Amino acid sequence: METVRIPVSGMTCAACSSRVQRALQKQPGVADANVNLMMKSATVTFDPAAVSPESLIATIEDTGYGASLANPDQTAFEEQEARDRAQNDEYHELRRKAVVSGVIGVIAMIVSMPLMSMLAGEDHAHGAQSSGAVVVDPFMRWSMDTLDPVLRSVMPWLYTVPASVLTGGLLVATLVVMVWAGRHFYTRAWAAARHGAADMNTLVSVGTLAAFGYSLVATFSPAFFTTRGVAPDVYYEAVIIIIALILTGNMFEARAKQRTSAALRALVDLQPQTARVLRFDAEVDAPVDTIEAGEVIIVRPGERIPVDGQITQGESAVDESMLTGESLPVAKQVGDRVIGGTINRTGAFRYSATTLGANSVLAQIVKLMRDAQGSRAPIQRLADQISAVFVPVVIGLAALTFGIWYFAADQAPLVRAFASAVAVLIIACPCAMGLAVPTAVMVASGKGAQLGVLIKGGEALQRAGDITTVVLDKTGTITQGAPTVTDFLVAPALAIDADVLLQRVASVEHASEHPLAESIVQHAQAKGLTLGTPESFASVTGRGVQGVVDDAAMAVGNAAFMHDWGISVDALEADAVRLAGEGRTPMYIAMDGALAGLVAVADPIRDSSPRAIADLHALGLTVVMLTGDNERTAQAIARAAGVDRVVAGVMPDGKVREVQRLQDEGAVVAMVGDGINDAPALAQADVGMAIGSGTDIAVEAGDVVLMRGDLQGVVRAIALSRRTMRTMKQNLFWAFIYNVIGIPIAAGVLYPAFGLQLSPILASAAMAFSSVSVVANSLRLRRVTFA
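Position 188 of the sequence shown, counted from 1, bears residue number 188 in the UniProt record's numbering, the numbering being contiguous throughout.
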């Protein structure tokens with residue numbers, strides 16, 4: 001299977017994205033298709049032997065939308081910059097059209113005031129019944145009662161202009177707005193109709209074209225209405241105002257969409273455009289994209305590090321907060337890796353460039369966030385199912401509304417039926433449903449990145465909120481993952497200096513690759529001891545090491561290893577038991593066939609672990625620790641950290657079985673590990689959370705990457721998921737309830753009781769407000785704070 005991401009143009013609502021997705025999913029060889037309205041893209045997983053990317057493009061185009069393959073040579077930075085430019089251009093175009101349409105609409109409303117008065121007078125002369133708009137429409141009632149008297153006193157000359165001139169002027173202004181500002185509504189509606197579909201553009205187009213057509217007949221054939229006892233009212237100003245209000249809503253929506261990508265843009269902006277490179281023994285400023293691996297880069301205090309690399313000279317403290325969320329600068333010295341986009345705080349240093357371009361840490365994070373923001377949460381399916389039938393149902397309701405008003409209205413049935421049907425079409429545009437979930441996913445993904453939590457998509461984001469049990473690996477997760485020597489005891493019967501014994505032990509361990517051996521070596525080196533090279537070195541897996549140092553036969557290992565040598569450990573067994581009970585790992589030392597001492601190594605608990613586990617308990621979660629360590633040590637760590645339950649002595653396959661057992665019991669399990677040794681368990685869990693760092697992120701290991709490398713990220717991820725799910729449900733509720741309430745009001749359900757009939761103008765304002773409110777609600781996630 002392969003995955004391709006295809007930019008899709010022309011989508012404006014949930015019905016659009018749902019139609020494209022259904023078409024892609026029907027193609028043979030397509031395993032999964034995800035169409036995102038916010039990102040305007042389709043992510044398709046397919047079998048290249050059965051279907052090609054070009055045929056997927058053709059499938060999208062057959063649904064009436066534009067599509068093209070992404071440029072394979074374009075980096076994540078360039079792609080995001082291009083998307084930002086497109087969003088910015090869209091916003092400015094919508095703003096220009098909305099402002100011009102709004103100004104024309106206001107003028108049209110002013111011109112319509114004397115026109116309505118004139119037509120009302122003509123109605124009485126011809127015995128025609130008025131539409132009643134000034135009575136039942138709250139907007140028109142306010143306009144006539146409040147604005148008309150003011151306008152008569154300020155612009156009396158306007159009331160002397162012939163009605164035919166005013167009507168002609170309104171006709172021209174309406175045509176200008178429809179052809180220029182609202183053209184895309186009609187072209188997209190026509191494209192959808194040609195493919196047997198309907199969407200938001202269909203509703204807007206049918207509504208405004210109906211109003212325009214009605215007005216056109218009233219303008220050129222007024223007798224058609226007057227002979228039937230109906231006033232030849234025109235709705236030109238309504239068409240203009242409807243288009244202006246919808247464009248205004250789209251403008252604010254586009255502006256809000258820009259803010260949902262703020263975190264991603266901030267990451268893209270981290271990479272400097274140039275770097276100070278050492279070339280031919282001279283310092284030169286070179287564009288970042290010209291740097292090659294191995295080139296030496298010079299960074300001074302306060303400068304941003306241009307690309308990833310390894311320090312070769314100097315030392316400093318580097319601020320990695322934008323990538324890891326860690327506020328404290330990280331000390332760096334020769335041999336340490338640095339990340340492009342981070343800030344050098346104190347000293348100057350030189351480093352060798354390593355991973356560049358799309359392989360850099362920052363580029364990987366940008367790609368991960370971009371993919372996450374383009375993914376779908378399972379809850380989106382509800383909106384998709386409704387939007388699939390929504391537009392046809394609305395058109396049917398509009399037709400029903402027209403019929404009821406036409407046969408039941410007490411006066412001007414044709415006009416009222418027409419106005420109510422248009423209001424139903426306009427108010428029911430399904431924009432809010434299409435934005436309800438994607439906007440929340442985008443904002444939450446960006447917020448998570450700011451907190452040092454990279455969430456790989458909407459599905460992981462939603463599942464994290466359902467977690468009931470958190471399973472933690474011990475080493476490197478609860479603990480620091482860097483064992484240190486805590487105790488070094490010399491056997492009472494042995495007359496030898498402790499440093500001499502330590503020097504011999506460390507010399508033997510120096511030849512071992514075991515992490516515990518490294519801690520003993522580092523302990524000896526910290527004391528300034530000089531280590532030798534052991535002779536006859538041998539390592540016995542699971543037991544210990546042996547070798548000859550300074551003509552002394554040394555052995556370091558567990559009790560079973562000592563027994564293999566025929567050495568009794570009784571003299572130090574009580575100390576070993578005590579140390580093991582404190583969570584430390586004791587190892588016996590033998591020299592020349594006799595017990596010589598005891599060394600204990602411990603992996604300290606991270607300072608943040610007890611607080612994080614307490615916070616997980618506060619969220620109502622059960623915390624389980626899995627470890628390959630012995631039961632006694634594991635229990636000691638668990639007590640200190642506050643873990644609920646311990647499963648010790650398990651290998652990687654045992655961790656998978658334990659996760660499965662918890663799932664079989666009905667638990668929704670999050671597995672937290674280092675993303676490498678724990679990969680099988682991470683994959684088995686409902687949500688895999690990989691402990692990473694700013695310089696080594698296990699992006700393939702889990703659904704969530706914790707960049708700070710501590711358990712507080714687990715708390716943030718789960719809390720953010722729960723808050724996001726709450727926001728998604730709020731968005732969907734308001735999007736649905738808006739239509740449940742708005743459509744009946746537009747149809748005239750309030751008229752019998754309150755004498756109120758909603759105008760198409762008010763309907764368009766309500767529709768625009770619904771979309772903006774959903775995006776604004778999602779943006780509140782940016783202000784959420786977590787410990």
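Here a beta-carbon is modelled for each residue, glycine too, at the ideal position from N, C-alpha and C. Computed from a predicted model, the values in this text were never measured in an experiment.
Problem - DSSP state of S52 mapped onto helix, strand, coil - result: S52 falls in the coil class under three-state DSSP.
Exercise for the section: Kindly list the residues whose CB is nearer than 6 Å to the CB of A482, restricted to its own chain and excluding five residues on each side of it in sequence; keep chain order. Expected result: Correct list: empty, nothing qualifies.
Practice task
Figure out for me which residue from R722, I311, S153, Y235 has the closest Cα to the Cα of G294.
Solution key: It is I311.
Practice task
Please list, in chain order, all residues of the same chain as A498 whose beta carbon is under 7 Å from its beta carbon, the five residues on each side excluded.
Solution key: Cβ within range, chain order: F488, V490.
Practice task
Ignoring anything shorter than 3 residues or poking outside the stretch 313 to 357, list the beta strand (DSSP E) runs there in chain order.
Solution key: 316 to 319, 330 to 332, 349 to 353, all fully within the stretch 313 to 357.
Handout entry: Those runs of the alpha helix (DSSP H) which lie wholly inside the stretch 464 to 548 and span at least 4 residues
Key = 498 to 509, 515 to 526, all fully within the stretch 464 to 548.
Handout entry: Inter-residue CB distance, Q27 and V51 (contact presumed, cutoff 8 Å)
Key = Right, their Cβ atoms sit about 6 Å apart.
Exercise for the section: Use the C-beta contact count for M331: other C-beta atoms within 10 angstroms, 16 or more gives buried, fewer gives exposed. Expected result: Residue 331 is actually Ala in this sequence, not Met. Flag for A331 reads exposed.
Handout entry: Alpha-carbon spacing of D570 relative to A580, whole angstroms
Key = Rounded to whole angstroms, D570 to A580 spans 15 Å at the Cα level.
Exercise for the section: Apply the 10 Å Cβ neighbour rule to N88 and answer buried if 16 or more other Cβ atoms are within range, or exposed otherwise. Expected result: Using a 10 angstroms sphere on the CB of N88, the tally of other CB atoms stays under 16, which defines it as exposed.
Handout entry: Option in S17, A640, T219 with minimal Cα separation from S164
Key = Of the candidates S17, A640, T219, the one whose C-alpha sits nearest the C-alpha of S164 is T219.
Practice task
List the DSSP bridge partners of Y588.
Solution key: Beta-bridge pairing links Y588 to G557, L598.
Practice task
Could you tell me the distance, in whole angstroms, from the CA atom of A173 to the CA atom of E320?
Solution key: It is roughly 56 Å from the alpha-carbon of A173 to the alpha-carbon of E320.
Problem - Min CB distance T59 to chain B below 8 Å - result: The displayed structure is made up of one protein chain only, and chain B is not part of it.
Handout entry: Where the alpha helix (DSSP H) containing S771 begins and where it ends
Key = Note, S771: alpha helix (DSSP H), 760 to 779.
Handout entry: Start-to-end residues for the alpha helix (DSSP H) that takes in E631
Key = First-last of the alpha helix (DSSP H) with E631: 631 to 641.
Practice task
Using a threshold of 8 Å, state whether the C-beta atoms of V624 and D644 are closer than that.
Solution key: Against a cut-off of 8 Å, the Cβ pair of D644 and V624 comes out as a contact.
Handout entry: Helix, strand or coil at S41 [DSSP, three-state]
Key = Under the three-state reduction of DSSP output, S41 falls in the strand class.
Problem - beta strand (DSSP E) segment containing D285, residue limits - result: Unbroken beta strand (DSSP E) run through D285: 282 to 287.
Exercise for the section: Go through the stretch 193 to 274 residue by residue and report every complete run of the alpha helix (DSSP H) that reaches 4 residues or more, in order. Expected result: Note on the stretch 193 to 274: whole alpha helix (DSSP H) runs with a minimum of 4 residues are 200 to 220, 223 to 226, 236 to 260, 262 to 268, in chain order.
Practice task
Give the straight-line distance between the Cα atoms of P329 and R345, rounded to the nearest whole angstrom.
Solution key: The alpha-carbon atoms of P329 and R345 are separated by roughly 8 Å.
Handout entry: Range of the contiguous beta strand (DSSP E) that encloses S568
Key = Counting along the chain, S568 falls outside any beta strand (DSSP E), and DSSP gives it neither H nor E.
Problem - Beta-carbon contacts of L758 that lie in its chain and below 6 Å, excluding the five residues immediately before and after - result: Closer than 6 Å at Cβ, skipping near neighbours: A423, I745, A746.
Practice task
Tell whether a beta-carbon distance below 8 Å holds between A559 and G547.
Solution key: Note that the C-beta distance between A559 and G547 is not below 8 Å.
Practice task
Closer than 6 Å by C-beta to D678: which residues in its own chain qualify, once you throw out the five before and the five after it? Chain order, please.
Solution key: So the list reads D473, once near-sequence residues are dropped.
Practice task
List the residues that DSSP assigns as beta-bridge partners of residue 803.
Solution key: Outside the displayed span of the chain (1 to 787) sits residue 803, for which this structure offers no information.
Exercise for the section: Out of S536, E253, K456, point me to the one whose CA is closest to V441's CA. Expected result: For V441, the nearest C-alpha among the options comes from K456.
Exercise for the section: Assign L175 to one of two classes, buried (16 or more other C-beta atoms within 10 Å of its C-beta) or exposed (fewer than that). Expected result: Within 10 angstroms of the beta-carbon of L175 lie fewer than 16 other beta-carbons, which makes it exposed.
Practice task
Look at the alpha carbon of L362 and the alpha carbon of I339, and state the distance between them as a whole number of angstroms.
Solution key: When rounded, the distance between both Cα atoms is 7 Å.
Handout entry: Span of the alpha helix (DSSP H), counted from its first residue to its last, around V740
Key = From DSSP, the alpha helix (DSSP H) with V740 extends over 712 to 747.
Practice task
In angstroms with no decimal places, state the Cα-to-Cα distance between L69 and I57.
Solution key: Distance from the CA atom of L69 to the CA atom of I57, rounded to whole angstroms, is 8 Å.
Handout entry: Buried or exposed by the 16-neighbour rule on C-beta atoms within 10 Å, applied to P413
Key = By the neighbour-count criterion, in which a residue is buried when 16 or more other Cβ atoms sit within 10 angstroms of its Cβ, P413 is buried.
Exercise for the section: Might you give, ordered along the chain, the residues of its own chain that have their beta carbon closer than 6 Å to the beta carbon of G341, omitting 5 neighbours on each side? Expected result: Excluding residues within five positions, the ones whose Cβ falls inside 6 Å are L270, Q271, L362.
Problem - Helix, strand or coil at L756 according to DSSP, with G and I counted as helix - result: Residue state, collapsed to three classes: coil.
Exercise for the section: Assess, as a yes-or-no matter, whether the stretch 99 to 118 is touched by the stretch 147 to 154 under the definition of 3 or more beta carbon pairs within less than 8 Å. Expected result: Segment contact: the stretch 147 to 154 against the stretch 99 to 118, three or more CB-CB distances shorter than 8 Å; contact assigned.
Practice task
Please classify R19: is it buried, with 16 or more other beta-carbons within 10 angstroms of its beta-carbon, or exposed?
Solution key: With 16 or more Cβ atoms within 10 Å of its Cβ, R19 is classed as buried.
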